[in-house]
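Each residue of the sequence shown is one higher than the one before, counting from 1 in the UniProt record's numbering.
Report on the structure given below.
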Amino acid sequence: MGRSDDNRDGKTSGRGEGFKKKSFARGNAPIKRKSEGDKKPSDPNVIRLNKYVANSGVCSRRDADIYIASGNVSVNGKPVTEMGYKVKLTDVVKFDGRLLSPEKKEYVLLNKPKDFVTIATDSRGRRSAMQLVLNASKSKISPIGRLDKDDTGLILFTNDGEMAKRLARPQNGLRKIYHVVLDKNLKFEDLKAIEEGVTIEESVIRVAEISYIENSPKREVGIEIHSTRNKAVQRIFEHLGYEVEKLDRVVYAGLTKKDLPRGHWRYLTEQEVINLGMIK
């Protein structure tokens with residue numbers, strides 16, 4: 001029997017080409033869609049208190065809830081313990097009396113290639129390392145310290161002004177290791193002189209360690225230095241009659257170039273940020 005014979009009496013089967021009557025039984029009622037105009041836009045100047053505290057770098061959002069409930073957080077001078085409480089970005093929020101900032105702290109590690117300066121703008125039109133990390137953060141991040149245009153290696157960018165100041169302090173003993181390539185072999189007596197400290201402009205520049213690179217020519221050395229003086233490594237070798245042809249920062253404050261190709265960047269891990277926070 002064909003489909004036409006099956007529907008000869010005018011009834012439909014409700015399948016295939018047959019007409020199925022709409023049903024408004026429970027569960028089949030048409031869904032009323034809200035128009036876009038019905039949606040109330042969120043206020044970008046208002047933020048949940050726990051997110052505000054977490055963004056400041058004090059703790060995670062989950063821990064922020066605990067501190068808020070315990071009365072550790074105040075808004076405009078008054079303790080707030082209410083969960084889900086919202087604040088304006090213009091409000092004064094404090095954690096145990098310390099003023100907080102709602103901007104999320106960002107930490108970006110770049111393996112800088114050659115021919116990039118580390119200043120934001122250059123009057124000579126040279127390429128800036130800032131261009132390489134433009135997509136890393138919506139916040140304004142800045143480099144901590146500098147590497148010359150011809151130098152390569154690790155440089156840290158952040159919007160954490162407090163950490164930037166701490167890492168730039170001469171007395172913090174920040175560990176930096178460089179792979180240096182000289183224009184000629186480094187004499188052993190000069191290597192020993194560098195170990196003992198080189199006096200430049202009535203000031204001694206000391207290194208933590210210096211050694212020849214294994215299985216490489218004697219003009220390649222590794223040098224660990226804690227000095228914050230500008231171009232300290234170059235000045236040491238120039239003082240002894242050598243020219244630095246290549247300088248690559250391979251370690252910075254415990255951060256390494258592992259799995260970070262030249263010209264690429266990555267975010268610091270939570271543990272790395274904690275480690276940097278311990279440097280005073």
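Note that CB positions come from ideal geometry on N, CA and C, so glycine has one too.
- A straight-line Cα-Cα distance of about 26 Å links E201 and R166.
- From the listed residues E106, T269, D259, G173, the smallest Cα separation to T228 is found for G173.
- Remark: C-beta atoms of E224 and I274 do not approach each other more closely than 8 Å.
- If you look at L49, you'll find it in the alpha helix (DSSP H) that goes 49-55.
- Residue burial annotation: R249 is buried, with at least 16 other C-beta atoms found within 10 angstroms of its C-beta.
- Looking at the DSSP output, N111 bridges to L154.
- For K176, the secondary structure class from DSSP, reduced to helix, strand or coil, is strand.
- Within a 10 Å sphere around the beta-carbon of K184 sit fewer than 16 other beta-carbons, which makes this residue exposed.
- Measuring C-alpha to C-alpha distances from N55 to each of V233, Y107, G241 identifies Y107 as the nearest.
- Restricting attention to beta strand (DSSP E) runs no shorter than 3 residues, the stretch 171-235 encloses them at 176-182, 198-200, 203-205, 209-212, 220-225, ordered along the chain.
- Between K105 and T158, the gap from beta carbon to beta carbon is short of 8 Å.
- With 16 or more neighbouring CB atoms inside 10 Å of its own CB, T118 falls in the buried class.
- Secondary structure at E243: coil, using DSSP grouped into helix, strand and coil.
- With the rule of 3 Cβ pairs closer than 8 Å, the stretch 238-253 counts as touching the stretch 184-196.
- In the three-state scheme derived from DSSP, where H, G and I count as helix and E and B as strand, F116 is classed as coil.
- The beta carbons of R175 and A253 sit about 6 Å from each other, so the pair counts as a contact at 8 Å.
- One alpha carbon belongs to E195, the other to V133, and they sit about 36 Å apart.
- Boundaries of the beta strand (DSSP E) harbouring Y267: 265-267, taken from the DSSP string.
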